[in-house]
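K.L.:
Listed in order, the protein sequences are those of chains V and D. Following our numbering, the numbering of the first sequence begins with 9 at its first residue and continues without gaps. Following our numbering, the numbering of the second sequence begins with 9 at its first residue and continues without gaps. Virtual Cβ for every residue (Gly too), placed ideally from N, Cα, C. Below is one structure. I have some questions about it.
Number of protein chains: 2
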Amino acid sequence: MSLQAGRGHAAYRSGLDRNTANFAALTPLSFLARAAEIYPTRPSVVHGAQRFTWADTYARCRRLASALQQRGIGRDDTVAIMAPNIPAMVEAHFGVPMAGAVLNALNTRLDAASIAFMLRHGGARVLLADAEYRATIAAALALLDDKPLVIDLADPEGPRAPPLGVMEYETLLAGGDPDFAWAPPGDEWDAIALNYTSGTTGDPKGVVYHHRGAYLNAVSNIVNWGMPQFPAYLWTLPMFHCNGWCFPWTLAERAGVNVCLRKVEPAAALGAIRRHRVSHLCGAPIVYATLIDADPALWEGIDWRIAGQVAGASPPEPIIAGAEARGIDLTHVYGLTETYGPAAVCAKHPEWTAMDLSERAERNSRQGVRVPMQEAMVVLDPDTMQPVPADGETLGEIMFRGNITMKGYLGNPKANAAAFAGGWFHTGDLAVVQKDGYVKIRDRSKDIIISGGENISSLEVEEVLYRHPAVQGAAVVARPDAKWGETPCAFIELRPGQDATPAALTAHCRAGLAHYKVPKHFVFTDLPRTATGKIQKFTLRQMAKEIAS
Amino acid sequence: MSLQAGRGHAAYRSGLDRNTANFAALTPLSFLARAAEIYPTRPSVVHGAQRFTWADTYARCRRLASALQQRGIGRDDTVAIMAPNIPAMVEAHFGVPMAGAVLNALNTRLDAASIAFMLRHGGARVLLADAEYRATIAAALALLDDKPLVIDLADPEGPRAPPLGVMEYETLLAGGDPDFAWAPPGDEWDAIALNYTSGTTGDPKGVVYHHRGAYLNAVSNIVNWGMPQFPAYLWTLPMFHCNGWCFPWTLAERAGVNVCLRKVEPAAALGAIRRHRVSHLCGAPIVYATLIDADPALWEGIDWRIAGQVAGASPPEPIIAGAEARGIDLTHVYGLTETYGPAAVCAKHPEWTAMDLSERAERNSRQGVRVPMQEAMVVLDPDTMQPVPADGETLGEIMFRGNITMKGYLGNPKANAAAFAGGWFHTGDLAVVQKDGYVKIRDRSKDIIISGGENISSLEVEEVLYRHPAVQGAAVVARPDAKWGETPCAFIELRPGQDATPAALTAHCRAGLAHYKVPKHFVFTDLPRTATGKIQKFTLRQMAKEIAS
Chain V
9 MSLQAGRGHA AYRSGLDRNT ANFAALTPLS FLARAAEIYP TRPSVVHGAQ RFTWADTYAR
69 CRRLASALQQ RGIGRDDTVA IMAPNIPAMV EAHFGVPMAG AVLNALNTRL DAASIAFMLR
129 HGGARVLLAD AEYRATIAAA LALLDDKPLV IDLADPEGPR APPLGVMEYE TLLAGGDPDF
189 AWAPPGDEWD AIALNYTSGT TGDPKGVVYH HRGAYLNAVS NIVNWGMPQF PAYLWTLPMF
249 HCNGWCFPWT LAERAGVNVC LRKVEPAAAL GAIRRHRVSH LCGAPIVYAT LIDADPALWE
309 GIDWRIAGQV AGASPPEPII AGAEARGIDL THVYGLTETY GPAAVCAKHP EWTAMDLSER
369 AERNSRQGVR VPMQEAMVVL DPDTMQPVPA DGETLGEIMF RGNITMKGYL GNPKANAAAF
429 AGGWFHTGDL AVVQKDGYVK IRDRSKDIII SGGENISSLE VEEVLYRHPA VQGAAVVARP
489 DAKWGETPCA FIELRPGQDA TPAALTAHCR AGLAHYKVPK HFVFTDLPRT ATGKIQKFTL
549 RQMAKEIAS
Chain D
9 MSLQAGRGHA AYRSGLDRNT ANFAALTPLS FLARAAEIYP TRPSVVHGAQ RFTWADTYAR
69 CRRLASALQQ RGIGRDDTVA IMAPNIPAMV EAHFGVPMAG AVLNALNTRL DAASIAFMLR
129 HGGARVLLAD AEYRATIAAA LALLDDKPLV IDLADPEGPR APPLGVMEYE TLLAGGDPDF
189 AWAPPGDEWD AIALNYTSGT TGDPKGVVYH HRGAYLNAVS NIVNWGMPQF PAYLWTLPMF
249 HCNGWCFPWT LAERAGVNVC LRKVEPAAAL GAIRRHRVSH LCGAPIVYAT LIDADPALWE
309 GIDWRIAGQV AGASPPEPII AGAEARGIDL THVYGLTETY GPAAVCAKHP EWTAMDLSER
369 AERNSRQGVR VPMQEAMVVL DPDTMQPVPA DGETLGEIMF RGNITMKGYL GNPKANAAAF
429 AGGWFHTGDL AVVQKDGYVK IRDRSKDIII SGGENISSLE VEEVLYRHPA VQGAAVVARP
489 DAKWGETPCA FIELRPGQDA TPAALTAHCR AGLAHYKVPK HFVFTDLPRT ATGKIQKFTL
549 RQMAKEIAS
């Protein structure tokens, strides 16, 4: 063995290759096997009167994988599901990839044309379909030449509907093998899931996840949140949204219990929290608003602390205060479908706890820093690809790099080239970097308002509006203006029993904003929201255009 | 885009490749950068009067990497270190691989000939040498033709000695660049560390770790232990032992503080625990015995709970009881140098806490199950490679599979072929599988005693001996016997102030063991131990041979 100065020790380059003993493809499927091995009798999934253990769930997922393989489903085949947060949705996250296939969870709020587009574009060969969406699914199927094999999901907690498919899900499982010898993916880069982004313009884009990323994000969730073993996790976040931020896989690792919920409704959600002693949940600010504003009687007996991750929008001060009053410890996270859900976290510092509410709210409103297992999050000038200074002022675009970034968009080379230009994933979110290195979003590129040549952050204006006691929801968009190019137009959702006038809100805004940033128009209305609770600014921009001067 | 029945959706196989935005080599070095970015002012390392923050540590590690590269050190070059648990040892775990090189931490208890063998075999180009081992190191260097560049470590907390190397470590760092632009490894399979096993026969074998495994085990430590952020970790486990089970990297991820300790001695260890409010530590049972048996005055003021991982041998009942009395929550883990330290854990079930001490001790004495990020741990018949039944009786060999298994032994194809035979890593430990799937070691292959054709587990006999109130340490080995082939011979370390006779111990053993398993000879002596606290049975076997019948 000779030592070659400057070229390394040659022995490191011989006989130390991968073999089946020292290398395994990273896949979150291994967490399910481990939970079933070590904690077979602990609860895995509860839903209404249904109760499953980890041994049950493992057997049911193996049955599903086996039944799919019997029907010719394998590697790179898409299996779609249109369902709320029910046990079959949890099982599909394991059973489909255990067959080697790719799970495409569909947004249950979409119309038939969108669903038909996704089934066609994603090449779905099987569709698991909940009875609640029977009409939409039937209409979508009518638009397809190549129809998938449809399996009906007849959830006992859901509505009844005549069958649409070839058989019911439980019948499919009954024909599967509970001891099915599933194999991990041949390559950890193999696709595990396909998630369509709800683009407001153009066709939806199909975001492809791989086993490696799903594994690492599932673990990053644990490390980032300090999530202990055996959590009771309430499904307030749709599993069709970024695969529930990868939490179905996280829960298997933690041997926790998935508390299912068809719909986020105060009595059902708080009833489940009390009954199952829920310890963790995730959702948009609206989820927390729903819980906080619920009838106090529904909170009776819930006297333990609950950990909540909030994303989709910064949690406004009243939500932070309301959550604290109810014993919910909020952690603000940020990400996109393209980053498997959260890839950033407003990581808390112990000294923040001593700050007063408004200061704490300000700190926690930031998108923050990369999660533990993402490699980099930066704010770059998208033209020069140079980092902006950490001055809290200079606007740039948030970009990510690392293993918690999608493989790419399915069959969309043009979108991939744009998304990955310069070797970074471009989020489209405009932000500044504060002095402590924390990132704060100013706006989506397309949401920025340019008035008289000045950039106005719609989020900055909204934050001021949220501080008004009568304001429950606020969204500010650009309204075309002959003189200024654009001016800010505010859409306001008032708190029940509260009132406010445009003049009062204008005065409130003037106290906290530069004059040119104050909305010129106020519209009092219910805000249109997506399935994940995001306000649909696209719709509001249309409405703003139509307002007479 | 065409749908090819049975062959997958072709779109998944085009345009979804790795790029710099969506793929990064897994490396624990990224944890240091993140800790310095997010928590620059939090403490990273404390040692005597020395205090470092994560910003300091990052800058010092970059200086070290830069200074090494200036001297021509790069990929696949070995940099050795012979030091106790001091700040430079923590820094070497990052600075050396940030230069692209491989860290070889040497066992500080070894003799000059062994050290010379390792420096030669590992091709060490640089040696960082603590003053305490000057004589051994000088003697080792005298045996080498190709000598490494020696850098002196002059720890203010350690002994003084005349310089041996070309410069002192702090001088080396002063010439390095604190903003050095280090690069992650080109391939996550690149070597990060080399650790020689302390084989009792034959030449030591050089176990090679890669960045991927070090990253995954560092994270597995967090997930497995439920380790929260900002732990205060006391270095009672030598960092030269499996890179401290990868905890230097784990601590960077958690932004915790490394509490250094040159030597595990009651006053120093308990002083550090009190001063730095230590929350976590690891070690062999002897470490816990040292703490538990310390003067109660040293425990004054330590009233918080401490989490302890114990490995190297099952924790006997008195240690479990003593730890509980002192507020130490023990977790029993199991692994080998070849598995980056612990790759198995006796995962606790909540219902165990209600059991009485002896039952709890029995449950926790098992090696258990694979850790979260290892893929498989099985007990196979090494001849047929078939799993043994989970009957608690049938003996097989523990084997591992997964990413927390070494690349292989450096320059040792024969040993690699044996270690990885049949696609599993062979541990050499003989065990049974209990009804609940938990693995329990019966013996090392070489420690089993065969008497009159019957296998006797030395561990089983030792467990019975440990239950005798006078026994502090016990080790049972085979003694050649003309009639029986071998008979068990017990070496006993008595508790201070306690006494026992061979007749009393024989009676005690007869009450708990089959007659043929009771030792025929008892020797009262101090037990020889390795640096990591393991009893050296090799030495005892020699002694047993020399006992007259």
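(1) Would P326 (chain V) be called buried (16 or more neighbouring beta carbons within 10 Å of its own) or exposed?
(2) Give a yes or no on whether the minimum CB-CB distance between L11 (chain V) and chain D is below 7 Å.
(3) According to DSSP, which residues form a beta bridge with N266 (chain V)?
(4) I'd like to know if P395 (chain V) contacts chain D, where contact means its C-beta is closer than 7 Å to some C-beta of that chain.
(5) Measure the beta-carbon distance from L467 (chain V) to R487 (chain V) and round it to whole angstroms, keeping in mind my assumption that it falls under 8 Å.
(6) For a quick check, are the C-beta atoms of L34 (chain V) and R262 (chain V) less than 7 Å apart?
(7) S10 (chain D) to N266 (chain D), Cα distance in whole Å?
(8) Is W360 (chain D) buried or exposed, if buried means 16 or more other CB atoms sit within 10 Å of its CB?
(9) Let me check understanding here. Comparing Cα to Cα, which of V:A124, V:G166 and V:F39 lies closest to A148 (chain V)?
(10) Given a cut-off of 7 Å, decide if D455 (chain D) and K545 (chain D) are closer than it, judged by their beta-carbon atoms.
(11) Report yes if the C-beta distance between I310 (chain V) and R270 (chain V) is below 7 Å; otherwise report no.
(12) F238 (chain D): which of D:A522, D:R50, D:G436 and D:V216 sits nearest, CA to CA?
(13) So with CB distances below 7 Å, who are the chain V contacts of S38 (chain D)?
(14) Could you check what DSSP says for L11 (chain D) in three-state terms: helix, strand or coil?
(15) Interface residues of chain V around P236 (chain D) at Cβ under 8 Å?
(16) Counting only beta-carbon atoms, is D568 (chain V) nearer than 7 Å to chain D?
(17) Compute the beta-carbon to beta-carbon distance between L278 (chain D) and L299 (chain D), rounded to the nearest angstrom, for a pair I have assumed lies under 8 Å.
(18) In chain order, which continuous runs of the alpha helix (DSSP H) of length 4 or greater are located wholly inside the stretch 78 to 138 of chain D?
(19) Can you check whether the C-beta of E405 (chain V) is within less than 7 Å of a C-beta belonging to chain D?
(20) Could you check whether the Cβ of G481 (chain D) sits closer than 7 Å to any Cβ belonging to chain V?
(21) Examine chain V for any beta-carbon lying closer than 7 Å to the beta-carbon of R79 (chain D), and answer yes or no.
(22) Taking the CB atoms as reference points, tell me whether L136 (chain D) and L161 (chain D) lie closer together than 7 Å.
(23) On the DSSP letters alone, give me the boundaries of the alpha helix (DSSP H) that C250 (chain D) sits inside.
(24) Between the alpha carbons of Q12 (chain D) and I81 (chain V), how many angstroms are there, rounded?
(25) Under three-state DSSP, which class holds M175 (chain V)?
(26) Measuring straight from C-alpha to C-alpha, what distance separates A41 (chain V) and T65 (chain V)?
(27) Please list the partners that N27 (chain V) has in chain D, where partner means a Cβ-to-Cβ separation under 7 Å.
(28) V98 (chain D) CB to nearest chain V CB: under 7 Å?
(29) To which residues does DSSP link L289 (chain D) through a beta bridge?
(30) My parser needs the alpha helix (DSSP H) runs of 4 or more residues fully inside the stretch 469 to 510 of chain V; what are they?
(31) With distances taken between CB atoms, is the gap from L222 (chain V) to W197 (chain V) smaller than 7 Å?
(32) Can you list, in chain order, the residues of the stretch 48 to 69 of chain D whose Cβ is nearer than 9 Å to any Cβ on chain V?
(33) Please classify L535 (chain D): does DSSP put it in a helix, a strand, or coil?
(34) Would you check if there are 3 or more beta carbon pairs closer than 8 Å linking the stretch 363 to 374 of chain V to the stretch 388 to 404 of chain V?
(35) Give me the chain D residues within the contact set of T413 (chain V), using Cβ-Cβ distance strictly less than 7 Å, ordered along the chain.
(36) At 4 residues or longer, what runs of the alpha helix (DSSP H) sit wholly inside the stretch 419 to 453 of chain V?
P.N.:
Looking at the atomic coordinates:
(1) buried
(2) Note that L11 (chain V) scores a pLDDT of 41, beneath 50, so its modelled location is shaky and nothing firm can be said.
(3) V:V53 and V:Y241
(4) no
(5) Actually they are not in contact, since the Cβ atoms of L467 (chain V) and R487 (chain V) sit about 17 Å apart, beyond 8 Å.
(6) no
(7) Interpretation of S10 (chain D) is limited by its pLDDT of 37, a score under 50 that renders its predicted location unreliable; no figure is taken from the coordinates.
(8) exposed
(9) V:A124
(10) yes
(11) no
(12) D:R50
(13) E383
(14) Reliability fails at L11 (chain D), whose pLDDT of 41 lies under 50, so the model's placement of it is uncertain and the value that follows must be treated cautiously. L11 (chain D) falls in the strand class under three-state DSSP.
(15) G234
(16) One cannot answer for residue 568 (chain V) here, as it falls past the ends of chain V, which runs 9 to 557.
(17) 7 Å
(18) 95 to 106 and 120 to 129
(19) Proximity of E405 (chain V) to chain D, defined by a Cβ-Cβ separation below 7 Å, is not satisfied.
(20) no
(21) Answer no: the Cβ-Cβ gap between R79 (chain D) and chain V never drops below 7 Å.
(22) yes
(23) C250 to W253
(24) The predicted model places Q12 (chain D) with a pLDDT of 43, which falls under 50 and marks its position as unreliable; any figure quoted below should be read in that light. One C-alpha to the other measures close to 11 Å.
(25) strand
(26) Their Cα atoms are separated by approximately 10 Å.
(27) F428 and G431
(28) no
(29) For L289 (chain D), which the question treats as bridged, DSSP gives the partners D:L242 and D:G316.
(30) none
(31) The question names Leu, but residue 222 (chain V) is Ala in the sequence shown. No, Cβ-Cβ distance for A222 (chain V) and W197 (chain V) is not below 7 Å.
(32) P48 and R50
(33) Note: L535 (chain D) maps to coil in three-state DSSP.
(34) no
(35) A29 and N30
(36) 421 to 427
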